[in-house]
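Peer 1:
Residue numbers (our numbering): 5 to 342.
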C-alpha cells in the first residue's frame, strides 16, 4: 500500500499498474500560417483522404440516451445505452474523430495545450495569454486544426458502419479522471504535470454485474472521408502520423478506454489531391494516389514532417510505447475500478 497526499485528505490505493501513461509536453513553436480563403499552389496540398476504420476492440460511442433493446435489435436486454446513429446506421461523429486525431498531433509536435481546466502555471512550457497562437502565427496543431478566429483546414465527415454489427457489452464502472486529487500519479515532485495522458491498448475486460451498453463489435469496418485545404507537405505528414498511417500507433476513441475499448486502426484507401487551378479546368483536375503510389505519397509527407521537426523524436517515441499495437495481445486491462 502507498499513500497519496491530496488536497483535502489521504487516499490509500494499491500499487497496481495504471492503464495509461504520459507523453512529455514539448516547447511550442509558432510559425507563419495560411488560412483557407483560397486554394494555394506550390508548397501546399489540398484534397481528400478516403479511409476505413477497423475495430480492433469494441467501440462505444454513446448516443447520450437509452433505447429499448428490441429497437436496436438486441431483444435479450429490455433497455440499453445505445450507440450513436445517423439514419439508423451506427456512426462515429466527425467531431469525435477530429478530437482524437488532434490530441495525437498536439502530443507529438511542438504545439500548445489548447484546452485544459488545470492551473496553466503547472502545465510545462505554456505561453502566457498574450503570447497564445494567433490566426497568422500559430503552432502546428492550431495551424492545421484551427482555434479561435481561425477555422480548421481539416474537415472530418461522419464515419458510418459499412460491415459488421453491434453487440451488447457489460462495461465496468469507472472513476472520472481526478488529476487535481491524485497528485503523485499526474504530477512530478516539483508540481508540474507529467504530460498528455493516453490509455494503453489491451484485451478488453467486462463486468457481468453492470448493465449492458451497445458497442460496435470487434472486426467491424467503418468508412469515412476527410478533406484538407492548404496544408504544407510537413503539416500533411503530421496529419498522416496522427492518423496512424505509418503503422506505429493505433488510435483510441470513445468510452471505456481504461477497459481497453475503442482501439481503431485507420486503413487508407486513396488520397485525391486537387490541382491549384482545378476550378478553372473543364475536366477533372485531381491526382489520385492508390496502392503503392499511396504508400510512397504518405512516406514522402512523413519524411517532410520529420525533416521540419513537426514530428518530435522524444514525444513520438513515447506515444508509440503507449499506443503501439503490440499491447492488444500483451496487456490485460483492469476488470474493475482502479
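All C-beta atoms, glycine included, are put in the ideal place defined by N, C-alpha and C.
Leaving out five residues before and five after residue 314 in sequence, what residues of the same chain have Cβ atoms less than 6 Å from its Cβ?
Peer 2: 113, 144, 238, 242
Peer 1: Thinking just about the alpha-carbon of each residue, which of 84, 109, 195, 329 is nearest to the one in residue 127?
Peer 2: 195
Peer 1: Could you please give the first and the last residue of the uninterrupted alpha helix (DSSP H) stretch that includes residue 1?
Peer 2: For the chain, the structure presents residues 5 to 342; residue 1 sits outside this window and is missing.
Peer 1: If we ignore side chains and look at the alpha-carbon of each, how far apart do residue 178 and residue 211 end up?
Peer 2: 11 Å
Peer 1: Using only the alpha-carbon positions, how far apart do residue 35 and residue 312 sit?
Peer 2: Here the alpha carbons of residue 312 and residue 35 stand approximately 12 Å from one another.
Peer 1: Mind checking who residue 141 pairs with in its DSSP beta bridge?
Peer 2: 36, 138
Peer 1: Anyone know if the C-beta pair for residue 63 and residue 266 falls short of 9 Å?
Peer 2: Yes. Within cutoff.
Peer 1: Applying the 10 Å Cβ sphere with the 16-neighbour rule, what's the burial state of residue 163?
Peer 2: buried
Peer 1: Between residue 221 and residue 170, which are expected to be in contact by the criterion C-beta below 8 Å, what is the C-beta distance as a whole number of angstroms?
Peer 2: Contact flag correct, Cβ pair sits at about 6 Å.
Peer 1: Which term fits residue 9, buried or exposed, when burial requires 16 or more other beta carbons within 10 angstroms of its beta carbon?
Peer 2: Residue confidence is low: residue 9 scores 42 on pLDDT, short of 50, so the model does not pin down where it sits. Its coordinate-derived value is still stated next. Classification for residue 9: exposed.
Peer 1: Report all residues from its chain with a CB closer than 6 Å to the CB of residue 43; omit the five preceding and five following residues, and keep chain order.
Peer 2: 50, 280
Peer 1: Can you give me the C-alpha to C-alpha distance between residue 213 and residue 336, rounded to a whole angstrom?
Peer 2: 19 Å
Peer 1: Excluding the 5 residues preceding and the 5 following residue 108 in the sequence, name in chain order all residues of the same chain whose CB lies nearer than 6 Å to its CB.
Peer 2: Its chain contains 246 as the residues whose beta carbon lies nearer than 6 Å to that of residue 108, once the 5 sequence neighbours on both sides are disregarded; these appear in chain order.
Peer 1: Measuring straight from C-alpha to C-alpha, what distance separates residue 23 and residue 258?
Peer 2: 16 Å
Peer 1: Where residue 333 and residue 39 are concerned, what is the direct C-alpha to C-alpha distance, given to the nearest angstrom?
Peer 2: 43 Å
Peer 1: In three-state DSSP terms, what is residue 204?
Peer 2: Looking at residue 204 - three-state DSSP - the assignment turns out to be coil, as it is neither helix nor strand.
Peer 1: DSSP puts residue 159 in a beta bridge; with which residues?
Peer 2: 231
Peer 1: Would DSSP call residue 226 helix, strand or coil?
Peer 2: strand
Peer 1: Find the nearest neighbour of residue 75 within the set 227, 93, 125, 325, judged by alpha-carbon distance.
Peer 2: Nearest neighbour of residue 75 by Cα position, chosen from 227, 93, 125, 325, turns out to be 93.
Peer 1: Assign residue 236 to one of three DSSP states: helix, strand, or coil.
Peer 2: strand
Peer 1: Compare the C-alpha of residue 324 against each of 219, 272, 205, 224 and name the closest.
Peer 2: Residue 324 has its Cα closest to that of 205, out of 219, 272, 205, 224.
Peer 1: Please determine, among 106, 116, 84, the residue with the shortest C-alpha to C-alpha distance to residue 174.
Peer 2: Checking every option, the nearest Cα to that of residue 174 belongs to 84.
Peer 1: By Cβ distance, which residues of its chain are closer than 8 Å to residue 80, with the 5 residues on each side in sequence left out?
Peer 2: 73, 172
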